[in-house]
Amino acid sequence: MIADENGGTVVVSVQHLTVRAKQKKILDDVSLDFESSSLTAVVGPSGCGKTTFVRSLNRMVELTPGLTIDGAILYLGQNIYDPHVNPVMVRRRIGMVFQRPTVFPTSIFENAAFGLRLVGEEISVIEKNVEEALRRSGLWEEVKDDLDRPALSLSGGQQQRLCIARALVTQPRVLLMDEPTSALDPAATQRVEATMQRLKEDYVVVLVTHNVSQAARVSDRIAVLHQGHLIEVGPTAEVLERPRNPLTAEFITGRFS
Amino acid sequence: MASATAGLGTDTAQDLLFDRSFRTRWRLGFDKVIGWVLPLLFLVAIIPILDLVYYIASQALPTLTWTVLTSTNPYDPDALGVPILSTAAIMLFATSLAVLLGLFGGVATAEFLPERAAGWVRMTANMLVGTPSVVLGYFGYFLLVITFGWGLSFVAGSVTLAFFMTPYVFRIADLAYSSIPRPIREAAYGSGARPYQYVLRVAAPIAFPQILNGVFLALAIGVGETAPIVLTTTQSVIFPPTIYSPVTFLTGTIWENFSQPAGSPSLALAFQAALILLVVVVALNILVRVISARYQKRLEGLYQ
Numbered sequence: 011m012i013a014d015e016n017g018g019t020v021v022v023s024v025q026h027l028t029v030r031a032k033q034k035k036i037l038d039d040v041s042l043d044f045e046s047s048s049l050t051a052v053v054g055p056s057g058c059g060k061t062t063f064v065r066s067l068n069r070m071v072e073l074t075p076g077l078t079i080d081g082a083i084l085y086l087g088q089n090i091y092d093p094h095v096n097p098v099m100v101r102r103r104i105g106m107v108f109q110r111p112t113v114f115p116t117s118i119f120e121n122a123a124f125g126l127r128l129v130g131e132e133i134s135v136i137e138k139n140v141e142e143a144l145r146r147s148g149l150w151e152e153v154k155d156d157l158d159r160p161a162l163s164l165s166g167g168q169q170q171r172l173c174i175a176r177a178l179v180t181q182p183r184v185l186l187m188d189e190p191t192s193a194l195d196p197a198a199t200q201r202v203e204a205t206m207q208r209l210k211e212d213y214v215v216v217l218v219t220h221n222v223s224q225a226a227r228v229s230d231r232i233a234v235l236h237q238g239h240l241i242e243v244g245p246t247a248e249v250l251e252r253p254r255n256p257l258t259a260e261f262i263t264g265r266f267s
Numbered sequence: 010m011a012s013a014t015a016g017l018g019t020d021t022a023q024d025l026l027f028d029r030s031f032r033t034r035w036r037l038g039f040d041k042v043i044g045w046v047l048p049l050l051f052l053v054a055i056i057p058i059l060d061l062v063y064y065i066a067s068q069a070l071p072t073l074t075w076t077v078l079t080s081t082n083p084y085d086p087d088a089l090g091v092p093i094l095s096t097a098a099i100m101l102f103a104t105s106l107a108v109l110l111g112l113f114g115g116v117a118t119a120e121f122l123p124e125r126a127a128g129w130v131r132m133t134a135n136m137l138v139g140t141p142s143v144v145l146g147y148f149g150y151f152l153l154v155i156t157f158g159w160g161l162s163f164v165a166g167s168v169t170l171a172f173f174m175t176p177y178v179f180r181i182a183d184l185a186y187s188s189i190p191r192p193i194r195e196a197a198y199g200s201g202a203r204p205y206q207y208v209l210r211v212a213a214p215i216a217f218p219q220i221l222n223g224v225f226l227a228l229a230i231g232v233g234e235t236a237p238i239v240l241t242t243t244q245s246v247i248f249p250p251t252i253y254s255p256v257t258f259l260t261g262t263i264w265e266n267f268s269q270p271a272g273s274p275s276l277a278l279a280f281q282a283a284l285i286l287l288v289v290v291v292a293l294n295i296l297v298r299v300i301s302a303r304y305q306k307r308l309e310g311l312y313q
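Right, dumping it as structure tokens:
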């Protein structure tokens, strides 16, 4: 592990990441480090590449045919794009939550246990980890008495917190969130944001959002993408109050989105 | 009365709410007429079907007894016991084979093949569905009966029928797997599922009602087929058949008997066989609706 100048541990290090679709560069030479116990918000206008960026971090980007990826992403010093690395293993270590709740049509328990069922974990371990994951995602108190209920009977916000629990159950160090509240109402959004606040104590959280005020509420650090370039990165308050790049200033004041 | 197009100057509430222009009145009237014409057209369409059912029933029922349905006595030429049991045996074998091939092919095409190759496979399946069954029957005859030397037999008939049914199962399996919401697929892979784990644990329960529909559809189509079976096997009065023995089939019984003289028991037998097929097909359709509706209920609210 590499300690940086602030004393934190760099868990994920993105180095010269370039993603192309045919001739067009979706991401152009992006380099960025993520430290333990931090929440970084990746913001930018639509089409800036922020979703592609976060999907690169656990090789989900490879499910989209026709993209070529250059550069390296180091997870605890190991390049996850090394030809010997199995993307399945990467995705088991780096969890992901999507724009809209994606629960499977099984029970609440089986949804949360999914990642451990995949590796054939013992039921006692599964039960323990499911409880912990549900506690961390802030859903435990609401569902502990009927874990066998169909997950689809939960509300949208509860479903999204179940998806967070599903991502946490394999005890990853990194949690990727791709606009996790874009389909939720304000009350559900608030609960998910509270969950994020708690999660950043123990995980590297990378939050993609188009919502600058959400980034202001929950993040320690903001990274701004514009047309595939990383144009600014810094502590949240600093970027929002004194943006160095004029494009950042335009974006956060809402002149384009 | 002001027309709608001249409404600019006269937009009182009455003019706006009670549009009495010629066009609007004509449309409303047309709506009414169509409301009467469509049910009439529906009646016109189902009259021949009802007539057919009535005709078959009127020819079949007078001499239909329990013995006709159940007797497997080889010396009783006017019984349906052997054809019914043989048909069940053939359908069991052919459906199992068709489901195996169609399901594997459909899943492979939807989930594992590159887009180009999948396109070719889908086109082939569509061509097979469009191929006249008599052509498949000849294919089965020349390949299985002659070249493989299986003779006019149970196995040649069932395998040919399975060829005929496979593209139906394939198309539905492919469709069912392809239409699983992409975010659900990504959530599974994002949790570290291997492709086979996605296919079996996540996709299978979602695709199941649709696939069940496809299997029953193939069964209903297969049980009513004549050409693939009369060309690859031949009538037999013995049940159970062995793998290489000839075997009879309900549509084969119709085929053999419907040219018999009017009033003969053999002609009635053809109508009785037809009635049984009708009942089986209708029952299968109802059954599949009931079962898949029950499973579909579990999927309510999936990725909305």
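Read top to bottom, the protein sequences are chains A and B.
According to the working numbering, the residues represented by the first sequence are 11 to 267, in order.
According to the working numbering, the residues represented by the second sequence are 10 to 313, in order.
In this text, a Cβ means the ideal position worked out from N, Cα and C, and glycines have one as well.
Helix, strand or coil: how does DSSP classify residue i here?
i, result
"R171 of chain A", "helix"
"Y84 of chain B", "coil"
"K210 of chain A", "coil"
"F258 of chain B", "coil"
"D40 of chain B", "helix"
"R29 of chain B", "coil"
"D230 of chain A", "coil"
"N89 of chain A", "strand"
"R30 of chain A", "strand"
"I285 of chain B", "helix"
"I36 of chain A", "strand"
"P55 of chain A", "coil"
"P75 of chain A", "coil"
"S105 of chain B", "helix"
"T116 of chain A", "coil"
"P160 of chain A", "strand"
"S67 of chain B", "helix"
"A13 of chain B", "Any answer about A13 of chain B is weak, because its pLDDT of 48 lies below 50 and its placement is not dependable; what the coordinates show is given next. Here A13 of chain B sits in helix by DSSP."
"S142 of chain B", "helix"
"Q269 of chain B", "coil"
"W129 of chain B", "helix"
"I1 of chain B", "Nothing can be reported for residue 1 of chain B: it is not among the residues displayed for chain B, which extend from 10 to 313."
"V95 of chain A", "coil"
"A279 of chain B", "helix"
"P5 of chain A", "Chain A is shown only over 11 to 267; residue 5 of chain A falls outside these bounds and no answer can be derived."
Classify residue i: buried if its beta carbon has 16 or more other beta carbons within 10 angstroms, exposed otherwise.
i, result
"F39 of chain B", "exposed"
"M99 of chain A", "exposed"
"V297 of chain B", "buried"
"Y213 of chain A", "buried"
"M132 of chain B", "exposed"
"I55 of chain B", "exposed"
"P123 of chain B", "exposed"
"S268 of chain B", "exposed"
"P308 of chain A", "Missing from the structure shown is residue 308 of chain A; chain A here goes from 11 to 267 and no further."
"A15 of chain B", "In this prediction, A15 of chain B has a pLDDT of 49, which is less than 50 and means its spatial position is unreliable; what the coordinates show is noted afterwards. By the 10 Å Cβ count, A15 of chain B comes out exposed."
"D183 of chain B", "buried"
"G128 of chain B", "exposed"
"Q33 of chain A", "exposed"
"I280 of chain B", "The sequence shown places Phe at residue 280 of chain B, not Ile. Buried, because 16 or more other Cβ atoms sit within 10 Å of the Cβ of F280 of chain B."
"Q169 of chain A", "buried"
"E45 of chain A", "buried"
"K210 of chain A", "buried"
"E151 of chain A", "exposed"
"M174 of chain B", "buried"
"Q23 of chain B", "exposed"
"H236 of chain A", "buried"
Name the chain A residues that come within less than 8 Å of residue i, Cβ to Cβ?
i, result
"Q206 of chain B", "L128"
"V130 of chain B", "Those do not exist, as V130 of chain B stays about 17 Å from chain A at its closest Cβ, beyond 8 Å."
"E309 of chain B", "L162"
Looking only at DSSP bridge pairs, what is residue i linked to?
i, result
"M187 of chain A", "A:V107, A:L217"
"A82 of chain A", "A:Q25"
"D155 of chain A", "DSSP output for D155 of chain A lists no bridge partner at all."
"G244 of chain A", "A:I232"
"D43 of chain A", "A:S23"
"H239 of chain A", "A:H236"
"S48 of chain A", "A:V214"
List the residues of chain B whose Cβ lies closer than 7 Å to the Cβ of residue i, in chain order.
i, result
"T112 of chain A", "P192, I193, A196, Y312"
Starting from the beta carbon of residue i, find every residue of chain B whose beta carbon is closer than 9 Å, and list them in chain order.
i, result
"G125 of chain A", "S200, G201, A202"
If the cut is a Cβ gap below 8 Å, which residues of chain B does residue i touch?
i, result
"N139 of chain A", "In chain order: nothing, as chain B lies at least about 13 Å away."
Note down, in chain order, every chain A residue with its Cβ under 9 Å from the Cβ of residue i.
i, result
"V144 of chain B", "Those do not exist, as V144 of chain B stays about 37 Å from chain A at its closest Cβ, beyond 9 Å."
In chain A, which residues lie with their C-beta within 7 Å of the C-beta of residue i?
i, result
"I215 of chain B", "P115"
"V211 of chain B", "F114"
Q. Curious, which full-length alpha helix (DSSP H) runs of at least 4 residues does the stretch 187 to 244 of chain B contain?
A. 191 to 199, 213 to 232, 236 to 239
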